[in-house]
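What follows is one structure encoded as structure tokens, with my remarks underneath.
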Ligand SMILES: NC(=O)c1ccc[n+]([C@@H]2O[C@H](COP(=O)([O-])OP(=O)(O)OC[C@H]3O[C@@H](n4cnc5c(N)ncnc54)[C@H](OP(=O)(O)O)[C@@H]3O)[C@@H](O)[C@H]2O)c1
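Numbering (the working numbering), first residue to last: 1 to 237.
This is the structure in structure tokens:
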């Protein structure tokens with residue numbers, strides 16, 4: 001089996017073994033430089049993945065029911081979140097957008113086969129944006145979309161596996177909330193000194209920090225792929 005097949009099998013086994021009910025299995029997957037940068041600046045994207053790791057990313061998209069990003073990524077990258085470099089189904093695109101900043105001209109508003117789901121906290125939005133399905137949810141303490149509620153809604157709508165692609169605020173929020181089950185990282189062999197993938201995880205002790213355990217790594221083209229399960233330490237330790 002080649003690397004793509006092994007990662008797909010590994011994820012499939014993980015999804016089958018996943019016991020938590022009421023929320024999807026969550027895979028965190030993004031590309032970073034050696035110094036942990038995912039972009040040049042928060043509003044300036046940078047294509048980091050090589051050809052083969054880009055194909056792996058699209059393969060991963062195709063084996064998840066949903067794909068989720070934050071509105072920061074939409075405003076910066078205008079992504080499509082479709083499967084183009086692999087043969088497979090497009091996942092359901094989902095955007096966390098508390099203040100409903102989604103531009104009506106975003107590419108996610110005109111996908112050929114899916115209406116993008118936008119999760120917001122704006123209750124009386126009354127907004128009808130063509131191509132979007134907007135749902136208001138409870139806000140968290142910071143007024144952003146509450147992640148446990150969002151995941152419960154997605155589960156109820158049939159999303160049993162979710163790929164979280166970024167950006168940094170969303171990656172950090174999922175890790176802080178201990179809602180990531182598996183990670184597949186593309187690491188490119190360059191220093192960027194840019195916008196970092198992970199912010200303050202608000203954990204009070206070193207033991208509480210999320211770790212990959214077990215983890216695996218292999219070179220793919222010019223990049224390194226690192227993948228594994230997340231384990232969360234005891235917050236009281
Ligand atoms: N290299 C990669 O693989 C990769 C992948 C994706 C993105 N990126 C890069 O990441 C950068 C964007 O990252 P970013 O940190 O600025 O934006 P982001 O994480 O994509 O989106 C953050 C925004 O999402 C909204 N949000 C709603 N609910 C949230 C919650 N519970 N937790 C966190 N955020 C929530 C917030 O805005 P509201 O409060 O207005 O809702 C927040 O500011 C871009 O430069 C992009 O190129 C890189």
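Glycine residues also receive a C-beta, built at the ideal position from the N, C-alpha and C atoms.
* **Three-way DSSP call (helix, strand, coil) for residue 183 in this model** => Residue mapping note: residue 183 aligns to position 183 of the chain shown, counting from 1. The answer is strand: DSSP assigns residue 183 an E or B state.
> Helix or strand or just coil, what does DSSP make of residue 194?
Replying inline: Along the chain shown, read from residue 1 onward, the residue named residue 194 stands at position 194. Residue 194: coil per DSSP, three-state reduction.
Note to self: If you reduce the DSSP assignment to three classes, tell me which class residue 42 lands in.
What the structure shows: Taking the first residue of the chain shown as 1, we reach residue 42 at position 42. Correct three-state label for residue 42: coil.
message: Please classify residue 51 as buried or exposed, where buried requires at least 16 neighbouring CB atoms within 10 angstroms.
response: Residue 51 sits at position 51 when you count from the first residue of the chain shown. Its Cβ having fewer than 16 others within 10 Å, residue 51 is exposed.
* What separation, rounded to the nearest whole angstrom, lies between the Cα atoms of residue 49 and residue 31? -> What you label residue 49 is simply residue 49 of the chain shown in a count that begins at 1. What you label residue 31 is simply residue 31 of the chain shown in a count that begins at 1. Their Cα atoms are separated by approximately 6 Å.
**OP:** Would you decide whether residue 64 is buried or exposed? Buried here means 16 or more other CB atoms lie within 10 Å of its CB.
**Re:** Counting from one through the chain shown, the residue named residue 64 turns up at place 64. Residue 64 comes out buried.
Margin query: When you measure from the CB of residue 187 to every non-hydrogen atom of ligand 1, does any distance come out below 6 Å?
Written below: Stepping through the chain shown from its first residue, residue 187 is reached at position 187. Answer for residue 187: no, Cβ out of range of ligand 1.
### Query
Whose CA, out of 156, 189 and 199, lies closest to the CA of residue 170?
By one-based count along the chain shown, residue 170 stands at place 170. The residue with the shortest Cα to Cα distance from residue 170 is 199.
Exercise. Could you tell me whether any non-hydrogen atom of ligand 2 is closer than 6 Å to the CB of residue 151?
Key: Ligand 2 is not part of this structure, which contains only ligand 1.
For this session: In angstroms with no decimal places, state the Cα-to-Cα distance between residue 144 and residue 84.
Result: Position 144 of the chain shown, counted from the first residue, corresponds to residue 144. Position 84 of the chain shown, counted from the first residue, corresponds to residue 84. In a straight line, the C-alpha of residue 144 is about 31 Å away from that of residue 84.
Would residue 94 and residue 66 qualify as a contact pair, given that the criterion is a beta-carbon distance under 7 Å? Reading the chain shown from its first residue, position 94 is the one you call residue 94. Reading the chain shown from its first residue, position 66 is the one you call residue 66. The answer is yes: Cβ separation under 7 Å.
_Extract the residue ranges of the beta strand (DSSP E) inside the region 54-95, only unbroken runs of 3 or more that lie entirely within it._
66-70
key: Cβ pair count under 8 Å reaching 3, the region 73-82 against the region 108-115   = yes
With a threshold of 8 Å, are at least 3 pairs of Cβ atoms found where one atom belongs to the region 33-50 and the other to the region 200-216?
no
>> For residue 59, which residues in the same chain have their Cβ closer than 6 Å to its Cβ, ignoring the five residues on either side in sequence?
In response: The residue labelled residue 59 in the question sits at position 59 within the chain shown. Closer than 6 Å at the Cβ level, and outside the excluded window around residue 59, lie 4 and 86.
Next item on the list: Go ahead and pull the three-state DSSP assignment for residue 225.
Entry: Here residue 225 refers to the residue found at position 225 of the chain shown. Three-state result, residue 225: strand.
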